[in-house]
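Peer 1: I'd like to ask some things about the structure below.
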DNA sequence: GTTTGTGCAAATATTTTGCACTTGA
DNA sequence: TCAAGTGCAAAATATTTGCACAAAC
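Chains as they are written, first to last, in the working numbering: chain A, -15 to 124; chain B, -15 to 124.
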């Protein structure tokens, strides 16, 4: 209940309400390009003086992920990591296993390959997941 | 006690013992090339009449994974899946979402692409996972 | 005033750990 | 023998859910 931030881009669709918690989470997600866990985001919110329940953070992240507003990624530690994506287009991520920094990558070849492979095996409704992980330059 | 100390000639570092449980797990892993959860493997063992504790299954899977004998993958459900492939060579799977049937596929283009993408971003220790899913012909 | 959203506490689910007991070599 | 291996019970971790209450519209 600190700063009055009834901001900017909330073009809330019908039935969706704008709350202090939602705005705070959206702001935090906007500020970083790394994949972050729900716990991490929750802690970050607390540090900025914005108290948001952990349950609410999970609730919202799931809602955002379901609507496609953010991407999810599962770390090797078993945590689900979230990140706001720059584009709605299909793409993949190159993620640093150490710091979580992500680079968005495109792979026309991969898309084509996946489609072709599936067709050859007579599979339909094809979906694919590609996860590339490594250690980024700063973490070496 | 006059101990005859002829130690220090430890040439057998891996004092690994063969047990009924280890053999059973190895056999199950050998039988499939699909990713399977610890719970699934535990259940499969039970069905063949081989009682192995869940803890032991986890213990062994982790040991095998650490030694590089099997690969691990995290599903979207949050489970860790394990697989033992016939070769050490890298390959991927095309899995039917309905019946679970899996087809092994190779993708030299994908390997090359992933490597190149990672190098361009100056990432090291690169790993990648590709999962293609769809509905197979028999399930249409 | 009604409906959506929040968040505490408790429940689930997966995996790990403490520790006494087995067993292979 | 005796350390490696096993497995029950309980802990640790991550996420979900029940539900009373608050806030948005």
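Heads up, the beta-carbon is just placed ideally off N, CA and C, and yes, glycines get one too.
Where does residue 28/B fall in DSSP's three states?
Peer 2: Three-state DSSP puts residue 28/B in a helix.
Peer 1: What is the C-beta distance between residue 113/B and residue 57/B, in whole angstroms, given that I count them as a contact (C-beta under 8 Å)?
Peer 2: 6 Å
Peer 1: Of all Cβ atoms in chain A, is any one closer than 9 Å to the Cβ of residue 55/B?
Peer 2: no
Peer 1: How about residue 66/A and residue 19/A: do their beta carbons lie closer than 9 Å?
Peer 2: yes
Peer 1: Determine whether the Cβ of residue 97/B lies closer than 9 Å to any Cβ atom of chain A.
Peer 2: yes
Peer 1: Can you pull the chain A residues whose beta carbon is under 9 Å from the beta carbon of residue 52/B, in chain order?
Peer 2: Ordered by position in chain A, no residue passes the 9 Å Cβ test against residue 52/B, which lies about 15 Å from the chain.
Peer 1: With a 10 Å radius around its C-beta and 16 neighbouring C-beta atoms as the bar for buried, classify residue 71/A as buried or exposed.
Peer 2: exposed
Peer 1: Assuming residue 12/A and residue 28/A make a contact with CB atoms under 8 Å, what is their CB distance in whole Å?
Peer 2: Contact annotation, residue 12/A with residue 28/A: C-beta distance approximately 6 Å; criterion of less than 8 Å satisfied.
Peer 1: Against chain B, with Cβ distances strictly below 9 Å, would residue 17/A count as a contact?
Peer 2: Cβ-Cβ to chain B under 9 Å: no for residue 17/A.
Peer 1: Starting from residue 90/B, follow the alpha helix (DSSP H) in both directions and report where the run begins and ends.
Peer 2: Per DSSP, residue 90/B lies in no alpha helix (DSSP H) segment and is marked neither H nor E.
Peer 1: Find the nearest neighbour of residue 77/B within the set 4/B, 105/B, 94/B, 38/B, judged by alpha-carbon distance.
Peer 2: It is 94/B.
Peer 1: Excluding the five sequence neighbours on either side, which residues of its own chain have a C-beta within less than 7 Å of the C-beta of residue 59/B, listed in chain order?
Peer 2: When the five nearest sequence neighbours on each side are left out, the beta carbons in the same chain lying within less than 7 Å of the beta carbon of residue 59/B are those of 65, in order along the chain.
Peer 1: Of all Cβ atoms in chain B, is any one closer than 9 Å to the Cβ of residue 59/A?
Peer 2: yes
Peer 1: Pull up the DSSP beta-bridge partners for residue 115/B, would you.
Peer 2: 113/A, 77/B
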